[in-house]
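First up is the structure itself, then whatever we jot down about it.
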Amino acid sequence: MEIENAYDVWVKAHVKRRSGHGAARIKEGLQHAEKLFVEHVWWPAFHNLDGLHPEFEIRDFQDGYRYIDFAYIQKHFKVAIEIDGMGPHWKNISQQEFSDHYERQNHLVIDDWHVLRFTYNDICDRPRTCQQTVQQLIGHLSADSSKALKMLKLTDREILRLALGSNRPITARDIANHLNLGNEAATRHLRMLSHLSWLEPASGSIRIRSYRVHPSRVNIHL
């Protein structure tokens, strides 16, 4: 499929999946620089748009919502790609906005996002370098994620299998009953898998009672 056709199909598919503000955000966010990234960097590097999400909504560190220009989400990892323009926004930005911009990126990293940033000039003048950067990171992460899954102990892999097959979040009691473990041991396994971003808390803030599969791991095959 040629890039123009593929791009149109891709945009329409993502708009259809969202509603209200989310759909409008895609139409507003995919401006010239973002489209240029898809056409000059992503498509030549991979020849498909699978797993690439435009204007991806995330909850930020202040419990609000923000949008990543592009999110690439795979079985065991997630990449945030931001396109930085050279327009008046950056010349007129306040000190508070400047600080907030970098704090936002720090929290993406804390939340296990791998972050890539490209300038508009990079995309226009050095597209091949941008392609190589994206290819190198994704190739590296793909190899690492396979190794990480193999390194999990049998008990932890079985917990993941249970979580993937459950239609609700799982609890320490579920694990204890399923694997004949004590409640404390089951809780330790759940906390460890959450720390490694295989699972994430599904309820509670101070005292976590249940867990679900982390969004970046929902397509894993055990």
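Okay, so the sequence shown: first residue is -3 according to this note's numbering, each after it adds one. Backbone N, C-alpha and C fix where the C-beta goes; we use that ideal spot for every residue, glycine too. Since we're looking at a predicted model, the values are computed, not measured.
Discussion item. With H, G and I counted as helix, E and B as strand and the rest as coil, what does DSSP make of P84?
Written reply: At P84, the pLDDT of 47 sits below 50, so the modelled position is not reliable; the number obtained from the coordinates is stated separately. Helix, per DSSP.
query = Starting from P50 and walking both ways along the alpha helix (DSSP H), at which residues does that stretch end?
reply = From DSSP, P50 is part of no alpha helix (DSSP H) but of the beta strand (DSSP E) over L48 to R55.
Exposed or buried, which one is I166 when buried takes at least 16 other CB atoms within 10 Å? Buried, because 16 or more other Cβ atoms sit within 10 Å of the Cβ of I166.
Have a look at P84 and T115 and give me their C-alpha separation to the nearest angstrom. Low confidence applies to P84: its pLDDT is 47, below 50, so where it sits in the model is not reliable enough to give any reading.
* For R208, write down the residues that DSSP places opposite it in a beta bridge. => Partner(s): E196.
message = Give me the residue from S15, E0 and S206 with the minimum Cα distance to H43.
response = Nearest neighbour of H43 by Cα position, chosen from S15, E0 and S206, turns out to be E0.
Query raised in the report: Given that a residue counts as buried once 16 or more other Cβ atoms are within 10 Å of its Cβ, and exposed if not, what is Y207?
Result: Y207 should be labelled buried.
- prompt: From the DSSP output, which residues share a beta bridge with L112?
  reply: Per the DSSP secondary-structure output, L112 pairs in a beta bridge with I77.
*asked:* Determine whether the beta carbon atoms of H210 and S193 lie at a separation below 8 Å.
replied: Closer than 8 Å, so yes.
How many Å lie between V11 and V75 at the Cα?
Whole-angstrom Cα-Cα distance: 21 Å.
- Using 10 angstroms around the beta-carbon of Y61, count the other beta-carbons present and answer buried if the total reaches 16, otherwise exposed. In this structure Y61 is exposed. Its beta-carbon is surrounded by fewer than 16 other beta-carbon atoms within 10 angstroms.
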